[in-house]
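Chains as they are written, first to last, in my numbering: chain A, 15 to 302; chain B, 5 to 277.
Yeah, the Cβ is synthetic: ideal placement off N, Cα and C, and Gly gets one too.
Note that this is a predicted model, so its numbers are computed, not measured.
Single-structure report; data block below.
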Amino acid sequence: MSNIIELKNITYKYSTGTPFESVAVDDVTLEVEKGEFCGIIGHTGSGKSTLIQHINGLVKPTLGEVYVDGENIWSKDTDIRQVRFKAGLVFQYSEYQLFEETVYKDISYGPKNMGLKAEEIDRRVRFAAKSMGIDDSLLERSPFDLSGGQKRRVALAGVIAMEPEILILDEPAAGLDPIGRENVLGLISEYHKQNGTTILLVSHSMEDIVKYAQKVLVMNKGKIFCHAPTDEVFSRQDEIIKIGLDVPQITRVMMRLRAKGIDLGTDIYTVERAKQRILEYKENKNNA
Amino acid sequence: MLKDITIGQFFPGNSIIHRLDSRFKIILDIAYVVMLFVTSNFYGLALAGLFMILVYILSGVGLKLIFKSLRPILPLIAITCILNLFFIKGEGEPLVQWGFISIYYEGVSTSIFMAVRIMFLIIGMSLLTYTTSPIALTDAIERLLSPLKKLHFPVHELAMMMTIALRFIPTLIEETDKIMSAQKARGAELDTGGLIKKAKALVPVMIPLFVSAFKRANELALAMECRCYRGGEGRTRLKQLKSGARDYIALLIVAVMFVGLILLNNFIPSFMP
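See below:
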């Protein structure tokens, strides 16, 4: 499979030339395959948000090159808006971007900016709304009358309606209640399965990432700590804990068990797998 | 881009100017402005300018800031200069006579005088905000205006409004940046096209900004009420404004300056018409 995103030695410095200069992203090289669902995790200030804004050209790297779909986005003949339609970015607390009178109009803002025909806009708005579980009856309501979870989904639909090849989500479930979180993340996962869109999901919650992502990118102090399939990343759980990040609760339970001499494997990060291993372990013991 | 706004910027420091009582600073600044308008010749202006540069050096904020504070008002200075240059008629022969345009010696000197006066005015006023924290400034305004309370003028409310407004400038700038990024990610073109197109493109930025500003205001009001805020009546302060010897010395220096200027006005005849 080909790489849809390639970052080559990206460095980004804030406030260059002043005493406040600081490096947000430090010589990062990254390749993301087409169709990948990649979770991005890291501390506040680890450079996650800055990194993802490089991909749709909202931030221009101080050093290094960005390729989206094989195209250098900062070369002279690239239209940066076309890059933004290709790599849709949903910010944290995205409901703050809502502004139109109706949900329908708000979702159509992106496709309208793309200069599409009215029928195509209509198709996309309805498709995006459906993907994000927004009922048709809500389309004519004002986005400001909706609940927090609904607003969030409308904002997501506003980006999905551009039908980007890459969907970048910065903490799409932040500030929602557990049911809202499940709901939003589940819809995103479903969208990924059906459309094969490349997805980058930034989250603070290891649980969410391991549940949905195939690969994990761990950021630490502006550098990539690792970018690998979920299994591989969690086999390095000791190192992850060392840089101050959390591992899923169930992984911690397994670590405790291992310390007591019951080793069920280092690749356990979901409750389902833990249950399966515990049952296997019991069976083996009974047979022995 | 929005981070370049420098209105009322404050540069923290610990110089003698920073440590002056903010009430005194406001009064002295007003006195300085009055001086600029009282003086009627270049000697007086020179004295005021010299004094101001001395105060800048004492404050330690750097002389570079003088130019920075002037930049936004350059057009105003230019207009003043041009108007004075062409419309003041003198008694003698015009220096330049070109069609209906004639420039007299008086026009040239008046326009220079006016330009220098405006520059000194802005530079002097800027030093007040450069060396006084917004909180100290509003505090001082509240105290200075407090006699108006007798006339039922809402002095405390006014000061509180100013404090809150100043406090939220950076927050709103940050928020604007965020919303602009979010709309740009949806393909908004914010910096291209003509004036009308630009204004239209700002709608998706302004509406969310207003919505969240109102929401913020509501939450702030609620939080203040939760902490039993009931206006200025009987309210005490964490930081009391204190005036000391140095404030009175500063007052004395400015008073001497004032007298000096008036003497200069009397002994050297004014050139102003």
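Just measuring C-alpha positions, the residue of LEU224(B), SER19(B), SER26(B), LYS182(B) sitting nearest GLN244(B) is SER26(B).
For VAL173(A), the C-beta contacts it makes with chain B under 8 Å involve ALA189, ARG190, in order along the chain. Ranked by how close their Cα comes to the Cα of MET165(B), the residues LEU51(B), LEU224(B), ILE200(B) have LEU224(B) in first place.
Residue pairing by DSSP leaves PHE71(B) without any beta bridge partner.
Within chain B, the residues whose beta carbon sits less than 7 Å from that of LEU103(A) are ALA189, listed in sequence order.
If you check the CB distance, PRO157(A) and GLU114(A) come in under 8 Å. The beta carbon of SER73(B) does not come within 8 Å of any beta carbon belonging to chain A, so the residue lies off that interface.
Remark: three or more beta-carbon pairs, one from each stretch, lie closer than 8 Å, so the stretch 246–264 of chain A and the stretch 206–225 of chain A are flagged as touching.
Contact with chain A is found for LYS182(B), since one of that chain's Cβ atoms lies less than 8 Å from the residue's Cβ. For ARG98(A), at least one C-beta of chain B is nearer than 8 Å to its own C-beta.
Under the DSSP assignment, MET123(B) falls in the alpha helix (DSSP H) whose first and last residues are 109–135. With contacts defined by Cβ atoms closer than 8 Å, GLY236(A) and SER60(A) form a contacting pair. For GLY84(A), the nearest beta carbon of chain B is not closer than 8 Å to its own beta carbon. Within the stretch 131–171 of chain B, no complete beta strand (DSSP E) segment of 3 residues or longer occurs. Per DSSP, reduced to three states, the secondary structure at TYR283(A) is coil, with no helix or strand assignment. Against chain B, the beta carbon of GLN111(A) has neighbours under 7 Å at ILE183, ALA186, GLN187, PRO212, listed in chain order.
For LEU214(A), the uninterrupted beta strand (DSSP E) run begins and ends at 212–216, by DSSP. Cα atoms of GLY53(B) and PHE124(B): separation of roughly 7 Å, rounded to the nearest angstrom. Under the 8 Å criterion on CB atoms, ARG138(A) is classed as non-interfacial with respect to chain B.
Contact check between the stretch 34–45 of chain A and the stretch 213–220 of chain A: fewer than three CB pairs, one atom from each, fall below 8 Å, which does not count as touching. Under the 8 Å criterion on CB atoms, SER216(B) is classed as interfacial with respect to chain A. In this structure, VAL46(A) and THR212(A) form a Cβ contact; the two beta carbons are roughly 6 Å apart against a cut-off of 8 Å. When DSSP reads this structure, GLY56(A) sits in a beta bridge with MET233(A). Counting along the chain, the unbroken beta strand (DSSP E) around GLN101(B) starts and ends at 100–102. When secondary structure is reduced to three states using DSSP, THR25(A) falls in the strand class. With distances taken between CA atoms, ALA82(B) lies nearest to PHE117(B) out of PRO98(B), PHE117(B), LEU69(B).
Within chain A, not a single residue places a beta-carbon under 8 Å from that of PRO16(B); the smallest gap is close to 14 Å.
Between the alpha carbons of SER63(B) and ASP33(B) lies a distance of about 14 Å. Rounded to the nearest angstrom, the Cβ distance from SER216(B) to GLU161(B) is 24 Å, too far for a contact under 8 Å. The C-beta separation of LEU278(A) from MET268(A) comes to about 6 Å, placing the pair in contact by the 8 Å criterion.
When 8 Å is used as the limit between beta carbons, VAL207(B) is near these residues of chain A: PHE113, in chain order.
At a cut-off of 8 Å between C-beta atoms, TYR123(A) counts as an interface residue with respect to chain B. Here the C-alpha atom of PHE141(A) lies approximately 39 Å from the C-alpha atom of PRO174(B).
Taking the Cα positions, CYS240(A) is about 6 Å away from LEU231(A). Judged by DSSP in its simplified three-state form, ASN70(A) adopts coil rather than helix or strand. THR114(B) counts as buried, since at least 16 other C-beta atoms from the protein chains shown sit within 10 angstroms of its C-beta.
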